[in-house]
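In the numbering used here, the protein residues as written are 1 to 134.
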């Protein structure tokens, strides 16, 4: 699948309607972004089951702010509507392939359990993994 440019209006439906979505936040003036673009496009051609989205941070400033983008390029990966990876910096084709493989291999039930446990710990104020009882 080729890369697709998405806007703020399309972001939520793209993440919601697809099992795996990678999002490259970039800008035209960014040298590392321009170096990463062909790698991102090349890897996208090998994974028909993954959406490789691109967000132009200059055109989509509101979306970039909402996503807390402070450095570009930033790559995010969503699986079943859950953000499972977010990292600034360009990566090479092998690293991107490894990322796609790892996202595909995730046990999403386990990921959701970890998120729920973290949220419960945050709400109770107890340190994560503590066996504190009332």
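No residue lacks a Cβ here, since even glycine has one placed at the ideal position from N, Cα and C. Computed from a predicted model, the values in this text were never measured in an experiment.
In the DSSP assignment, residue 93 falls within the alpha helix (DSSP H) that extends over 93 to 105.
Going by DSSP, residue 69 is part of no beta strand (DSSP E) at all; its letter is neither H nor E. For residue 27, there is no enclosing beta strand (DSSP E), as DSSP marks it with neither H nor E. Rounded to the nearest whole angstrom, the C-alpha separation of residue 37 and residue 125 is 42 Å. Within a 10 Å sphere around the beta-carbon of residue 102 sit fewer than 16 other beta-carbons, which makes this residue exposed.
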